[in-house]
Structures are given as C-alpha cells and as structure tokens.
Amino acid sequence: DPKIIQKPKYLVAVTGSEKILICEQYLGHNAMYWYRQSAKKPLEFMFSYSYQKLMDNQTASSRFQPQSSKKNHLDLQITALKPDDSATYFCASSQTTETLYFGSGTRLTVL
Amino acid sequence: QQKVQQSPESLIVPEGGMASLNCTFSDRNSQYFWWYRQHSGEGPKALMSIFSNGDKKEGRFTAHLNKASLYVSLHIKDSQPSDSALYFCAVLYQGGRALIFGTGTTVSVSP
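Chains R and U, in that order, are what the protein sequence lines are. If you want this note's numbering, it's the 1-based position in the first sequence plus 4. If you want this note's numbering, it's the 1-based position in the second sequence plus 632.
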C-alpha cells in the first residue's frame, strides 16, 4: 500500500484558475515537503514543513500556498495558474532530516 | 545557493556492465548526501546515503564521497535492465531542512 498518497494523479486546468493538490502521508513522519519536476528543472525544492510549521520556502511566487490542516497532511494550493506551472508536483516526507520518501506525484497541465 | 551538477546527462550501459555517475556540489559545508533513483511514472526513491569520505557499498551500488573535492559518485556494477532510470544525487540543504537535487543522469541499460 502506498504510504504517501497524492491526489489527483492527473490534473488539467485552464490559465487563471485555481487548483489544490492533496498529499497525505502514513509513515508517521514529522516533516513534509513539496517538490516540482519539469523538463527545465528536474527536481526543484519548493517548501518544507516540520510539525505543521513552514520551515523553508524556495518558491518566489505567492501563488503557491501550502496548507497543513493535520499533522500528516500537506496540500498545495496554486492560484492564477499559468502554462509555465505545468509540471509534476511531488510530495515527500521524512523523519527530521533523514531520507525523503516521495509520493507518486500529481501531473498538472495548464492550458 | 547550493549548486548540484551531475554528469553525464545520459548514459547507455550494456547489461552486465558498469555505470558511473558523477555529481559535484558547490557548498563546502555540505555534509550529507544521497543517491535517488526514479523510474518512469514514479516518484524518486532513495538508493543510498553517504556521509563520510570514502566508499560505501550496498549490493551492486557503490557511492564515493570526497568532500574536499566537492564530489560524490555512484557506480552500478553488473547493470540490469531494471536499473534503467533517472538518477539524482541530493545534498542536504544548509540548515538541514530539505534536500537539493542535482540535474539528473538518465541511465539506459541495453540488453
């Protein structure tokens, strides 16, 4: 059974719309992350959370907002979508700063 | 900002052969390193970590670290078709809150 669940697996959106990417982890980890993967930048670190608190934000745009409603949840809200936002978004988790475990990703296409 | 570069960009290895992947990083304070592997359509999975200078062997995989030379490598012995994947080296971000991934090397093992 997958220990990190990302929903949906595929997502198509129109330019200017808003979407939420869902991530839940069942590994009991206290740290969660978002990464983005596109052809231009293979695996780009976006955010890190520890005990539901934002630790690092490497995303220049405020259109990307992580949301942590529960300890094992870290969703990603993206507003005013642009075609350049098209990528696969990976959620990951770890116990402190040890090995990261990744979900299978949400592939976002913005038309 | 930490820069992590990998070479070669892609590699074709005959089945049973040796694959050698290279990674250089820019921050001399970097202490902790990982190699990840990503098969098509999946999230990255950790292969192994290396924290001390020298070699570390896990099965067919050997990692080598030289912190003074800002260099880490991965060697895959007796390559199998299942080793065909995208390989990333990853360095713990300063402050220890996330991993910064390299540019990636695509390995193709030809039967």
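Ideal placement from N, C-alpha and C gives every residue a C-beta, glycine not left out.
Self-check item: R:ALA96 to U:THR737 span [Cα, whole Å]
Solution: 21 Å
Exercise. Return the bridge partner residues of U:HIS707 from the DSSP annotation.
Key: U:SER652, U:THR694
Self-check item: chain R contact residues for U:GLY736, given Cβ-Cβ distances below 7 Å
Solution: PRO46
Practice problem: Compute the minimum distance between the beta carbon of R:ALA43 and the heavy atoms of the ligand FAD, and state whether it is under 7 Å. | Solution: The ligand FAD is absent from the structure shown, which contains no ligand whatsoever.
Quiz item: Can you list the residues of chain U that R:LEU104 reaches, using a CB-CB cut of under 9 Å?
Solution: TRP666, TYR668, PRO676, ALA678, ALA722, ALA730, LEU731
Quiz item: What residues are listed by DSSP as bridge partners for U:VAL636?
Solution: U:PHE657
Quiz prompt | Close Cβ partners of U:HIS671 (< 6 Å) along its chain, the five nearest in sequence each way excluded | solution = ALA717
Quiz item: Interface residues of chain R around U:SER681 at Cβ under 8 Å?
Solution: THR103
Exercise. Under 7 Å Cβ to Cβ from R:GLN56, same chain only, skipping five residues before and after it: list those, please.
Key: SER72, LYS75
Self-check item: Three-state secondary structure (DSSP) of U:PRO713
Solution: helix
Quiz item: Can you name the residues of chain U whose CB is closer than 8 Å to the CB of R:GLY20?
Solution: Those do not exist, as R:GLY20 stays about 29 Å from chain U at its closest Cβ, beyond 8 Å.
Quiz item: With a cut-off of 8 Å, does the C-beta of R:MET36 fall near any C-beta of chain U?
Solution: no
Quiz item: What residues match up with R:ASN61 in a beta bridge as DSSP calls it?
Solution: R:PHE51
Quiz prompt | Segment contact flag, the region 77–84 of chain R with the region 25–41 of chain R, C-beta cutoff 8 Å, min 3 pairs | solution = yes
Quiz item: Are R:LYS7 and R:TYR105 close, meaning C-beta to C-beta below 8 Å?
Solution: yes
Exercise. For the beta strand (DSSP E) containing R:ASP79, list its first residue and its last residue.
Key: 79–82
Quiz item: Name the DSSP beta bridge partners of U:VAL741, please?
Solution: U:VAL645
Quiz item: Contact check, U:VAL645 vs U:ILE732 under 8 Å by CB: the rounded distance?
Solution: About 26 Å; that fails the 8 Å criterion.
Quiz item: Apart from the five residues on each side of it in sequence, which residues of its chain come closer than 8 Å, Cβ to Cβ, to R:GLN62?
Solution: GLU48, PHE49, MET50, PHE51
Quiz item: Is R:ALA91 closer than 8 Å to R:LEU115 when the C-beta atoms are compared?
Solution: no
Practice problem: Kindly indicate if chain U contains any beta-carbon less than 8 Å away from that of R:ASP79. | Solution: no
Quiz item: Which stretch, first to last residue, makes up the beta strand (DSSP E) that contains R:TYR37?
Solution: 35–41
Quiz prompt | 8 Å Cβ cutoff met for U:TYR668 and U:PRO676 | solution = yes
Quiz item: Does the separation of the CB atoms of U:HIS696 and U:MET650 fall below 8 Å?
Solution: no
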